[in-house]
Structures are given as C-alpha cells and as structure tokens.
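Read the structure below first, then the notes.
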C-alpha cells in the first residue's frame with residue numbers, strides 16, 4: 001500500500017535515508033548525513049510542510065522537497081529534489097509525489113513553479129512535462145581549464161569605472177539583478193556568497209558578479225550588466241578578467257542559463273569548457289517552469 005505523508009509528520013532520519021537511497025545512482029554525489037540534510041532544508045528554504053515522503057508497505061520509498069517564497073507579490077515554488085529508492089521504482093511513486101506537490105502548489109496559491117533536471121534524465125523530464133512543466137532554458141556548467149600562469153590576463157583599461165567588493169545580498173536591489181534565475185543561483189541561497197559591483201564615475205552600478213569561494217576555488221552563479229549600457233560586452237569582459245586576475249583560482253559556473261550567450265562566449269574565449277561528471281556525463285540541466293495560473 002502506498003501512502004503519501006508530509007515531511008513534517010515523519011522522522012527526519014526516514015527522509016534522509018530515502019533521499020540517499022533515491023540518489024545512490026545519481027549523476028553527481030547527493031549523499032548527506034542527517035545533519036547535512038537538515039541544514040540544507042533550512043538554507044535552501046525547503047519546507048517540511050510543503051515536502052512529501054512516500055511510504056510503500058510501511059517503508060520510506062520516495063521523497064520530494066519543495067520550497068515556496070514570494071517575489072514582487074508573486075508566489076514562486078521550487079522542487080528541490082525528487083527521488084525514489086531503486087527497490088521501489090516502477091510503481092508510480094514519483095507520479096504520486098508530483099500529484100501531491102501540484103495540488104499543494106494550488107492550495108498555496110503559487111503563481112510559478114520551477115525545477116531543474118539533468119538533460120540526460122529523459123524519464124524525469126517526461127514526468128515533469130506530463131504535469132505541465134515546460135523547458136524555459138538549458139543550464140550549463142563551465143570550468144576554467146587554464147593554468148594560473150595562463151590566467152594572467154592583460155585587462156583592458158576602463159577609465160571612469162571602479163570595482164566594489166561586498167556580500168551576496170548587497171546586489172539584490174540592483175535594477176538589473178537577475179531575479180528570474182534558477183533558485184540556487186539567487187543571492188540568498190549562496191552560503192558565504194560574495195559580490196563585486198562595477199560602478200561608473202557617477203557611482204552608478206553598471207554590472208555585477210555573484211560568486212562563492214569554496215575549497216580554494218570560485219563558483220560563479222551570476223554575472224550581469226545593465227541592459228541599457230551600450231558597452232555591456234566590455235563590462236562583462238572586464239568583470240571576468242578581473243576575477244581571473246584577482247583571484248588566480250579555478251573558476252566554474254553553476255546553472256548558468258544559455259540565454260546569457262554573450263557571457264558564455266566571453267567565458268569560452270577565456271578558456272572555459274563544458275564540465276562532466278566523474279562518469280563522463282555532461283553537467284547540463286534543463287530549467288523547467290509551470291505557470292500555475294494558466295491551467
């Protein structure tokens with residue numbers, strides 16, 4: 001017998017165990033301790049009241065994590081992970097979890113729901129499509145492959161502009177901040193996140209980069225320039241050159257939307273290339289959305 005319960009109503013160890021069992025054969029390492037699992041729920045704003053566990057004959061068999069927040073008077077939901085234990089697959093559990101999730105989104109008056117899935121995971125993508133999700137963009141993971149010596153770029157002079165270092169949340173109020181971006185590339189979900197803001201001679205912000213220093217390297221989450229600036233390519237180029245020169249570390253991108261083609265071209269020209277998992281699977285995802293008010 002299959003029963004769907006809210007995460008808030010079951011032991012946290014059951015949730016962590018089924019998460020680990022469900023992702024044991026995943027493309028990247030998703031294994032967590034109970035402490036790590038609990039921390040992730042809080043940091044990623046994934047609510048136990050909005051998340052579900054599937055029990056099959058009394059055993060934890062599947063899980064789906066969900067978060068809901070508000071932006072500009074719109075309620076946004078995010079699927080932070082769906083998994084079914086290997087021994088329970090093929091029983092329609094993921095479909096039941098998604099059905100419960102969509103019903104909850106409607107109950108919570110969600111406007112837009114989103115999720116990410118590996119492009120090679122066609123089975124999962126078809127499942128999400130059956131619930132009305134559509135691919136909004138593809139997300140790439142690029143990595144700087146050049147050595148520290150090769151990263152010693154010669155930056156073009158840009159008189160009248162200055163660089164200002166700050167924390168991640170300090171860029172949130174910029175008029176051109178990319179609010180419409182994957183959940184975990186948003187400034188409030190980046191642990192120990194940092195930012196650099198480029199300003200003109202009038203102290204007006206014209207471009208920014210949002211990143212995290214982790215294990216001696218840099219993960220770039222966002223890099224954008226004001227669309228109204230005619231020299232937008234030069235601004236983005238300057239920020240990337242600045243990061244390469246100032247940090248002298250390996251830099252990789254995380255869930256970078258392909259719509260940012262100008263930035264991707266600059267990164268590829270600087271030596272960034274497609275990342276792969278240890279099993280040679282391309283690190284690339286689809287970003288899917290469902291407009292809850294449209295149906």
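Numbering (full-length UniProt numbering), first residue to last: 1 to 295.
Think of the CB as a built atom: it goes at the ideal place given N, C-alpha and C, for glycine as much as any other residue.
Only a predicted model underlies this, so the values are computations on that prediction, with no experimental measurement involved.
Nonlocal neighbours in the same chain, by C-beta distance under 7 angstroms from residue 84, ignoring five residues either side: 22, 61, 62, 93, 94
Quick check on the burial criterion: 16 or more other C-beta atoms within 10 angstroms. Buried or exposed for residue 245? exposed
Same chain, Cβ closer than 7 angstroms to residue 168, five either side skipped, listed in chain order: 187, 190, 193, 194, 195, 210
Which residue wins for smallest C-alpha separation from residue 78, given the options 284, 59, 242, 101? Nearest option by C-alpha distance: 101.
Would you mind sorting residue 30 into buried or exposed? The rule is 16 or more other CB atoms within 10 Å of its CB. exposed
Taking the straight line between their C-alpha atoms, what separation do you get for residue 144 and residue 242? 14 angstroms
Taking the alpha-carbon of residue 219 as reference, which of 56, 275, 287 has the nearest alpha-carbon? 275
Counting C-beta neighbours from all protein chains within 10 Å, is the total for residue 1 16 or more, i.e. buried, or is it exposed? exposed
Quick one: is residue 82 buried, meaning 16 or more other Cβ sit within 10 Å of its Cβ, or exposed? With 16 or more Cβ atoms within 10 Å of its Cβ, residue 82 is classed as buried.
Can you tell me where the beta strand (DSSP E) with residue 200 in it begins and where it stops? From DSSP, residue 200 is part of no beta strand (DSSP E); its letter is neither H nor E.
CB-CB under 6 angstroms to residue 232, same chain, minus the five flanking residues each way: which ones, in chain order? 225
At least 3 beta-carbon pairs within less than 8 angstroms: the segment 10-25 vs the segment 42-55: Touching, yes, given that three or more Cβ pairs across the two stretches are closer than 8 angstroms.
Taking buried to mean at least 16 other C-beta atoms within 10 Å of its own C-beta, is residue 204 buried or exposed? exposed
Residue from 115, 262, 37, 160 whose Cα sits closest to the Cα of residue 201: 160
On the three-state DSSP scale, how would you describe residue 96? helix
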